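Novice: This is the structure I want to talk about, given as structure tokens.
Residue numbers (the numbering used here), protein chains in the order written: chain U, 478 to 1288; chain C, 478 to 1288.
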């Protein structure tokens, strides 16, 4: 067991390494060559197009301004500068509320830490039970500060119990305030949003097949009959998997064509060539540009045929639809009510915003959904408790003997003692490390199979699964010895009162381990997060080898969103650690506090400068955060109860029984009080927004506004020409009416925006890339929702390539 | 332990006693003097006004027709005659579906019994393990037929496991079919109903106080703003507790006045007198009729003042209201959606039908409701597990010594050995018996405190609480020795796998006990139910001593509804017994089968002839019945698993783990598939009924139809004069327009009905009671919803006394 000195050394090492990472970050971030790694958000938001540079050719790559090196920690105050409302408009409500979890942690554990250190540690120290025990027993200095140091049957336990009460009330008070705040932020955010397609649209699933009627017709009939005053139009959902494949192929070819054309422009003396055969490795050598143009032409024909087939063939319409209403009130009513006698048909729910939809899962029938849920629950259970079995099996195979058998030529190398010892230490853990690395991806796949229709829900479900995994395998796994499977077995064979007792007893002993864990995973881990080492390396590698066109550069730069499925569960784990140890070993609390403060700075910086929001769920994850913190409180109370019951403080244990009951009641109250704000849309709100709209008299062209909002994104790429023309007709603006070569005279400024009152506003940006490419960049309300497309003259027509920035729909 | 012979003797005794009860019933029911006890439903339905008689003065009291004595069992075929649809219109859907539970039991256990007897008993017998054991061990003949007889580690357990699978699938299949059927019956019933106030009305609770606005105004403003196209009107809920008290007092006085007037008419020579003092026991002797008339006059003034106060004083309006809409669609939308940003305000829910409302609970605020739920859950938990503590305390007091000390004059009597032994055997159990007798009433009070707003919900919640009590104290209490509290203690200190093992082992040993229980409580108990001994005695006692007027007679006759809070849980207990023992001791099954068959006959008879429906919840209790049977299946599976694990059939136990998972999945599926039919009202349905209504063009006077539907019933009594006049204006029918003396010339027939298309139809019955009383009886759609009032000329106006037949609102 570690002494206080050991902890100090460990803390020093971790502080130094965290500091080193921060220093590296500070140096790397001011190099222009890394600008796209550390500030991609500004590029995506269109507020920066070229890296800041400090003169000269070298200055384009390396920062030569000495002054900036001296202010290398100024990202911290910079990160704090942006106000919350600015943050919401810059990075979305999700990110802003995500940061509030860290401030909640600070607010919660700040006073708790002070109170615990001032009150509990003197109480614990005053007894000195453990001093009388032999030095070599499992007693560390940390233990002397913990509850272990108090005599059994001591009355001092009442101090601990009353502190547990006090801290629970404090935590609940903060949770209530925070839930209240987040709920009202959500409602304000929704209320302040401009007109958005999802406010008027409801996703209808399980449309029944009526013989003689197409899905589209039966949707129309049904809603015209049952919502006669409110139904406006609907958008069928097409099964476009084959089409999506073709589009992906076409984009690949287009990229190659762009690359070859670029190459040709740079060296006009030599037309690029390639071979005909597989991967261009053999066969006749031909002209690349012609080859790709030819291929694209063939593919375009196929695409157009496939598109015709999809739009015509009733079989390609899935039994789901996006139904739009002429008022928010009508949509709110439809989303919240039951439509049909058979409650498994005509299931209505709010449509997620268009970029949040996971298209593949829209058409899963109800029965299949029930079975999927069952299968996935069982799989997750098995994964959490039995994941060690296959890994142990792989480990048993992947030893040195196996390696020598498979690759005898490596034998001399392996026999070398240094390599041997390295491999022996490394190989067994490899399988586990690979598994843990891919775990979030595996859980995401499981969530996808479960059949959720929105990316935000998928991420929330993945986060939940990851949390269970961490709870069992990190928290319980560290406290109770043995694998999760052995724990499960032990739990089944222990009584309900024995389990918290067994775990509770081990809790104080594991404090040093968790302190080290917090420093390694929390402090150093967060510093690694801001350094973005992986992204940095990958970006530069891609830049060297893969990036051929502007689009590739953007792809290489794309930072993705905050990884909620991983960050939320680990964040919740810190809450759990803090709440469990707050009374038992209060010395752990300052470490948690440092983690929350550091992480707050880092993620604020990252949210402002790096991550690009993938969707806006308006803080829909908050109820989960809330209920996991409540669950942590309950776990803390139960374990304290178990711990005290071994301390022969049996007469005080009943006092603690009241606390979980009160906590649960508080949770139930919060659930009914606030959760509807995250699940339903009050009619009062809907009506007041409708009235505003009507007062400003701008709901005339709602139908055309909604017409293509929920079209599968891959159709956009193909239909853009027509769509743009339709839109232009609507807008009576000729700016975009004829796709024009870059130097068109009626658009003299490289960036212009046009707004029309209460119309989705487009900010059109006009980049000059290498001719003959023009990049148009459309920023549609809300900010950040950007569509880009290349316009390229081809004969006497213009081809458009649109790329909505969905993480999952790159093609 | 009982041998087969013992069981036979017990069966014989119980069959004989059941037969004796049935015989007694058969004889008593054909006596005219008992007619109102055994056929009250027909009186209430207005289809019988005087008992059938067989000539002569004696024939009015005793049945002299010898022939009828020979056909004394013909109530059984008679009970079966009525078809289900007739039953629904005669006794309501609740009763019809209630009877379906018994047929479900027959359908479920019929095939299971046959299969189990044919397959399992030979398997069990063939081993003969127990024959080798000593005779005096706990082995009975019954055990030889049970699973106990199979060798440990025998492969024959696979037969039991496969039978458990088979039976579970069969039970689930039937449950699915039945749920489907009941759900569609419910929807059909709702669809076939005429226009009813509750279809258009939503109960709004937690109306917020807005300063400067009365509750009524703020309700009106809110719904006019948020449901502008659908809001019609609303009815405030008055806090009328004081008024109700006065009305009760007035009715008591009125009854005395009627009694005295009757007395005077019979003996016109002697005016009845009474004394002025307390309870008429002392003081000056005065004329009774004058006294009561005077008292009533004073009270009428008070009532009118109180009524004015209630209607004027804004403080007497509670923050709840019944909001009516101009279409079913509008009401369905409002009931299913969230209205306000704050989800604890403006809570909307379907209004229960007017006679189903529990008025006192309408105005409970949200926070109070949460606290009440918590407190009641804790109380019920305490009641279930610790109820023996106060009873044991009372028992320790209520012994002979205590009795002698309190009442020394009884000593000679008590010392008499016969009395002494009787008391010693009787007294200790007395407290327990009194408690068990009052238990349903206690649970009902708890449910009322919990704050439910409908009588149907109150009864369902009471049934749930009673079921938990029975499960713990009857089922588990019989299997595991010790009080519930001791069991709880044991459960907390046993592991999760040990609990089913411990209970499972005792299961086969308790089979004989439960067989006896079924015969005593099931067979004989059901026979007692049809005999209605208590009601018979009370009716005749009341008839002799209390009944003074026609209204008193009706009160004495009033059978109430089926006692759902008691019958449903005991019914569910039989399902539990059957499912638990079907594989373990199949010989128990025939006894259950007999119970279901007998109970079906008896309750069918009772529902047709005796019970008067108190409210119509349209089978809202079915989801509870379904889920409790599922729970019984799960208990059965868990206990079989525990039992098999002690039989060293450990390798077969994992096979059984799959079954609970499948059963739970089935339950979840059923819940999502069918339960919304019991909680929500699909818009499709609402819209189609609205369209029908509109097509028949009869929604012109909806507002006046709904105006007073949800007025507190006590106001009806007072306002009836005005209301009748309002109604008459609406109907343009002068039949009732001027309350007329009995021999009015324009109503020559004593019974006439007038219907108007799609109007609530009144069947007005006109009874001649003793003059000057006239009894009007209004039957309003649906059948059974009867309003009666006495019309009595007083000066030149007519006073009306209405008595809606609410069990809880007799006054």
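For every residue, glycine included, the Cβ atom is placed at its ideal position computed from N, Cα and C. It should be emphasised that the depicted structure is a prediction, and the values quoted were computed from it without experimental measurement.
Between which two residues does the alpha helix (DSSP H) carrying residue 515 (chain U) extend?
Specialist: Taken as a continuous stretch (DSSP letters only), the alpha helix (DSSP H) holding residue 515 (chain U) covers 512-515.
Novice: Of all the CB atoms in chain C, is at least one closer than 8 Å to the CB of residue 654 (chain U)?
Specialist: Chain C contact via Cβ: absent.
Novice: What separation, rounded to the nearest whole angstrom, lies between the Cα atoms of residue 738 (chain C) and residue 1034 (chain C)?
Specialist: Approximately 23 Å between the Cα atoms of the pair.
Novice: Which residues does DSSP pair with residue 939 (chain U) in a beta bridge?
Specialist: Looking at the DSSP assignment, residue 939 (chain U) forms no beta bridge with any residue, so it has no partner.
Novice: List the residues of chain C whose Cβ lies closer than 8 Å to the Cβ of residue 1118 (chain U), in chain order.
Specialist: What residue 1118 (chain U) touches in chain C: nothing, since even the nearest Cβ is about 12 Å away.
Novice: Report the residue ranges of all alpha helix (DSSP H) runs contained in full by the stretch 964-1011 of chain U; include only those spanning at least 4 residues, in chain order.
Specialist: Complete alpha helix (DSSP H) runs here, min 4: 975-983, 988-994, 1002-1008.
Novice: What does residue 1146 (chain U) reach in chain C if we use C-beta pairs closer than 8 Å?
Specialist: The answer, in chain order, is 844, 847.
Novice: Could you tell me which chain U residues have their CB closer than 8 Å to the CB of residue 669 (chain C), listed as they occur along the chain?
Specialist: Here the premise fails: no neighbours, minimum Cβ distance about 14 Å.
Novice: Which two residues bound the contiguous alpha helix (DSSP H) that contains residue 752 (chain C)?
Specialist: Looking at the DSSP string, residue 752 (chain C) is not in any alpha helix (DSSP H); the run it does join, the beta strand (DSSP E), is 750-752.
Novice: For residue 826 (chain U), which of helix, strand or coil comes out of DSSP?
Specialist: Three-state DSSP puts residue 826 (chain U) in a strand.
Novice: Can you tell me whether residue 437 (chain C) is buried or exposed, with buried defined as 16 or more other CB within 10 angstroms of its CB?
Specialist: In the structure as shown, chain C begins at 478 and stops at 1288. Residue 437 (chain C) is therefore absent and cannot be evaluated.
Novice: Comparing alpha-carbon positions, which option in C:884, C:824, C:937, C:820 lies nearest residue 917 (chain C)?
Specialist: Closest by alpha carbon: C:937.
Novice: Can you list, in chain order, the residues of its chain with a C-beta nearer than 8 Å to that of residue 853 (chain U)? Leave out the 5 residues immediately preceding and following it.
Specialist: 923, 924, 926, 927.
Novice: Between the alpha carbons of residue 1300 (chain C) and residue 1105 (chain C), how many angstroms are there, rounded?
Specialist: As shown, chain C starts at 478 and ends at 1288. That puts residue 1300 (chain C) outside it, with no answer to give.
Novice: Is there at least one Cβ from chain C nearer than 8 Å to residue 979 (chain U)'s Cβ?
Specialist: No, its Cβ sits nowhere closer than 8 Å to a Cβ of chain C.
Novice: Please report whether the beta-carbon of residue 662 (chain U) lies at a distance below 8 Å from any beta-carbon of chain C.
Specialist: Closer than 8 Å: no.
Novice: Any contact between the stretch 1132-1151 of chain C and the stretch 985-1005 of chain C? By contact I mean 3 or more CB pairs, one from each, below 8 Å.
Specialist: No, the stretch 1132-1151 of chain C does not touch the stretch 985-1005 of chain C.
Novice: Relative to the C-alpha of residue 1117 (chain C), which residue among C:509, C:1061, C:806, C:513 is closest?
Specialist: Of the listed residues, the one whose Cα sits closest to residue 1117 (chain C) is C:1061.
Novice: With a threshold of 16 other CB atoms inside 10 Å of the CB of residue 1090 (chain C), please say whether the residue is buried or exposed.
Specialist: It counts as buried.
Novice: Taking buried to mean at least 16 other C-beta atoms within 10 Å of its own C-beta, is residue 486 (chain C) buried or exposed?
Specialist: The residue in question, residue 486 (chain C), is exposed, as its Cβ has fewer than 16 Cβ neighbours within 10 Å.
Novice: Would you say residue 1142 (chain C) reaches chain U, if we count a Cβ-Cβ gap shorter than 8 Å as a contact?
Specialist: By this cut-off, residue 1142 (chain C) is an interface position.
Novice: Do residue 829 (chain C) and residue 684 (chain C) have their beta-carbon atoms positioned less than 8 Å apart in this structure?
Specialist: Cβ atoms of residue 684 (chain C) and residue 829 (chain C): not closer than 8 Å.
Novice: Run through DSSP, which three-state label would residue 1281 (chain C) get?
Specialist: The pLDDT assigned to residue 1281 (chain C) is 37, lower than 50, so where the model puts this residue is not dependable; a value taken from the coordinates is nonetheless given after this. It is a strand residue.
Novice: Entirely within the stretch 604-688 of chain C and at least 4 residues each: give me those alpha helix (DSSP H) ranges in chain order.
Specialist: Qualifying alpha helix (DSSP H) stretches, in chain order: 618-621, 634-669, 674-677.
Novice: Step through the CB atoms of chain C and report whether any lies within less than 8 Å of the CB of residue 953 (chain U).
Specialist: So, not an interface residue.
Novice: Would you mind reading off the limits of the beta strand (DSSP E) that contains residue 764 (chain U)?
Specialist: Counting along the chain, the beta strand (DSSP E) containing residue 764 (chain U) begins and ends at 762-764.
Novice: Could you have a look at residue 705 (chain U) and say whether DSSP puts it in helix, strand or coil?
Specialist: Correct three-state label for residue 705 (chain U): coil.
Novice: Using the Cβ count rule (16 or more neighbours within 10 Å means buried), how would you classify residue 1167 (chain U)?
Specialist: With 16 or more Cβ atoms within 10 Å of its Cβ, residue 1167 (chain U) is classed as buried.
Novice: Going by DSSP in three states, residue 1098 (chain U) sits in which element: helix, strand or coil?
Specialist: Coil at residue 1098 (chain U), not helix or strand.
Novice: Ordered along the chain, which non-local residues of its own chain (more than five positions away) have a Cβ less than 6 Å from that of residue 497 (chain U)?
Specialist: So the list is empty, once near-sequence residues are dropped.
Novice: Within 8 Å, do at least three Cβ pairs link the stretch 719-732 of chain U to the stretch 816-833 of chain U?
Specialist: Contact between the stretch 816-833 of chain U and the stretch 719-732 of chain U is absent, because fewer than three Cβ pairs lie under 8 Å.
Novice: Check distances from the C-beta atoms of the stretch 684-710 of chain C to those of chain U and list, in chain order, the residues that come in under 9 Å.
Specialist: For the stretch 684-710 of chain C, which is checked against every Cβ of chain U, the residues closer than 9 Å are 699, 702, 703, 704, 705, 706.
Novice: To the nearest angstrom, report how far apart residue 769 (chain C) and residue 715 (chain C) are at their CA atoms.
Specialist: Going from the Cα of residue 769 (chain C) to the Cα of residue 715 (chain C) covers about 29 Å.
Novice: Below 9 Å between beta carbons is the criterion; list the residues of the stretch 1156-1184 of chain U that meet it against any residue of chain C, in chain order.
Specialist: Within the stretch 1156-1184 of chain U, the residues whose Cβ lies closer than 9 Å to some Cβ of chain C are 1156, 1157, 1158, 1159, 1160, 1161, 1162, 1163, 1164, 1165, 1168, listed in chain order.
Novice: Can you name, in chain order, every residue of its own chain whose Cβ lies under 8 Å from the Cβ of residue 596 (chain C), other than the five neighbours on each side?
Specialist: The answer, listed in chain order, is 636, 640.
Novice: Taking its Cβ as the centre, do 16 or more other Cβ atoms sit within 10 Å of residue 882 (chain U), making it buried, or is it exposed?
Specialist: The residue is exposed, with fewer than 16 neighbouring Cβ atoms inside 10 Å.
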